[in-house]
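As structure tokens, the structure follows; a few thoughts come after it.
Protein chains: 2
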Amino acid sequence: MRVVLVSTRNPLNIGAAARAMANFGFAHLCVVNPYDLAFREARSAVGAAPLLQTAEEYATLADAVAGCRLVVGTTSVGHRELQHPIRRLEYGARLILRATPAAPAALVFGSEKFGLSNEDLSHCHWLMRIPTTGQDLSMNLGQAVALCLYELSREPNTAAAKPEKVRSATAGETEQITLRLLEALAKSGYVNPVTALSTDEKVRRLVRRLEISPRDVPVILGMLRQILWKLDQ
Amino acid sequence: MRVVLVSTRNPLNIGAAARAMANFGFAHLCVVNPYDLAFREARSAVGAAPLLQTAEEYATLADAVAGCRLVVGTTSVGHRELQHPIRRLEYGARLILRATPAAPAALVFGSEKFGLSNEDLSHCHWLMRIPTTGQDLSMNLGQAVALCLYELSREPNTAAAKPEKVRSATAGETEQITLRLLEALAKSGYVNPVTALSTDEKVRRLVRRLEISPRDVPVILGMLRQILWKLDQ
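Quick look at the structure:
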């Protein structure tokens, strides 16, 4: 289980996230595109959690979650127009626990100001919502991380109850399929250049909704490869 | 239900506590003997929660909780010698909820460095412990407040709620997709005529494993139609 912080601006928040991870026994921190200075400051802060030292830095969210079979975004604000299944923290945490450790999972947190972008969201299988009551007030990042990890470590016994039966493809495999499909769609003229970016996001989300199983990955890639070959003729 | 911060040193923590209160619908903040400067800074911070403006300041914990019938202290560290009943957060929160609103209650948080003093503790009926796993690492104050208020506003039944049923496409829609996909594969030369029949079956099963949702059906059909059109050129 890895915690992924995307475009975090405030070193105190990186530090707070790391501290909450240490509090609840999580060790794998990834930062995506942090403000360089923020990350360095957080690392060098007095009393910085040792896991900050081993935190991994990535240029893109896709890279950070490539090895994961389940990618869950987080949000505390409800009014955004979202095309993802949204699950309340209590229930979502149970789903994650059921999937891990068979399926390595990532829990993704957006930046303090803007949360997760649409592009970020398109890499997520679903979203977990922290059930705040104040509608328009987002949560402090460090507190959001603490709440999610608390909930994930809340009832360890019920968590171990039922293993998930269906293993999903890794995020890296799913992204490969997405890219080949986008290539085929571009070559077929399906993609309007003007709206290409939003098409990318829609296709990426669609492919993730399919929850493709690992054994179907090579078959689907084979199909797409053949179609691409033919389209090139 | 009031939140009482005793001898808080860092204005950011007072601000974080206030924000968490706003997130979870708590309005009554009391500060006991704060560093004057910290309290003033927290109050004047940009974006300070309105409830900071109405926060009450007391010289002693006794004054702050005078009107309460239940006073609960908080701790995240377990090794202190304590003469109070200690209850885990999940269970303690339920006890508090059962007591309020008939009995106005106070939730008391100590200073960042030292937690609650023995004198402070003597005002508490019992203690609530946040179940961290790292034994020697105390929690960040703002995160501790957030966790307690989250647990207090948590609905115990939602975690056990049934997963929402995901509606799948009809068999007819799924078959339409299957047929178009098979057509595209045939036109690309993916299908070996000798093994065509078994390929049909494999593709049909694969498409069903994807459990395509009704709203994705027209999108996928549109993609396949476009690819077929291009393959025919």
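Residue numbers (my numbering), protein chains in the order written: chain C, 26 to 258; chain A, 26 to 258. For glycine and all other residues, C-beta sits at the position ideal for the given N, C-alpha and C. Treat the numbers as computed from the prediction; the structure is a model and nothing was measured.
Interface criterion not met: the Cβ of A/Arg205 is under 8 Å from no Cβ in chain C. According to the DSSP secondary-structure assignment, C/Tyr83 is paired through a beta bridge with C/Val57.
Contact annotation, A/Val133 with A/Leu86: C-beta distance approximately 7 Å; criterion of less than 8 Å satisfied. Contact between C/Ala45 and C/Gly167 holds, since their C-beta atoms are separated by about 7 Å, short of 8 Å. The Cβ atoms of C/Pro59 and C/Ser32 sit closer than 8 Å to each other.
Chain A has no Cβ within less than 8 Å of the Cβ of C/Ile111.
Between C/Asn217 and chain A, the shortest Cβ-Cβ separation is not below 8 Å. Residues of the segment 137-167 of chain C with a C-beta less than 7 Å from any C-beta of chain A: Thr157, Thr158, Gly159, Leu162, Met164, Asn165, Gly167, listed in chain order. Spatial neighbours of A/Met26 in its own chain (CB-CB distance under 8 Å, excluding positions within 5 residues in sequence) are listed in chain order as Phe51, His53, Ile121, Thr125, Pro126, Pro129, Ala130, Ala131, Leu132, Leu177. Straight-line measurement puts the Cα of C/Arg229 at about 8 Å from the Cα of C/Glu200.
In the pairwise beta carbon analysis, the segment 33-44 of chain A is classified as not touching the segment 142-149 of chain A: fewer than three pairs are separated by under 8 Å. Residue A/Ile202 holds the alpha-carbon nearest to the alpha-carbon of A/Ile237 among A/Ser223, A/Ile202, A/Val219.
C/Glu198 is a Cβ neighbour of C/Val242, given a cutoff of 8 Å.
Between the alpha carbons of C/Glu226 and C/Leu256 lies a gap of roughly 23 Å.
Apart from the 5 residues on each side of it in sequence, A/Ala171 sits with its Cβ closer than 6 Å to the Cβ of Ala45 in its chain, given in chain order. Relative to the Cα of A/Ser163, the nearest Cα in the group C/Val216, C/Ala43, C/Val29, C/Val57 belongs to C/Ala43. The alpha carbon of A/Arg240 has as its nearest neighbour, out of C/His109, C/Ile245, C/Ser213, C/Asn143, the alpha carbon of C/His109. Under DSSP, C/Gly98 takes part in a beta bridge, and its partners are C/Val133, C/Leu152.
The beta-bridge partner set that DSSP reports for C/Ile111 consists of C/Leu152. Leaving aside the five residues that flank C/Ala196 on each side, the residues in its chain whose CB is nearer than 8 Å to its CB run, in chain order, Ala87, Val90, Ala91, Gly92, Cys93, Arg94, Val96, Ala131, His148. Within the same chain, and ignoring the five residues on either side of A/Ala70 in sequence, the residues whose Cβ sits closer than 6 Å to its Cβ are Gly40. A/Val244: member of the alpha helix (DSSP H) spanning 242-257, first to last residue. Among the CB atoms of chain A, none fall inside 8 Å of the CB of C/Gln201. Exclusion of the five residues before and after C/Ile252 leaves Ala209 as the residues of its chain whose Cβ lies within less than 7 Å of its Cβ.
At least one C-beta of chain A is nearer than 8 Å to the C-beta of C/Leu172.
If you look at A/Val28, you'll find it in the beta strand (DSSP E) that goes 27-31. Sequence-distant Cβ neighbours of C/Pro156 in its own chain, meaning closer than 7 Å and more than five residues away, are Arg113, Leu114.
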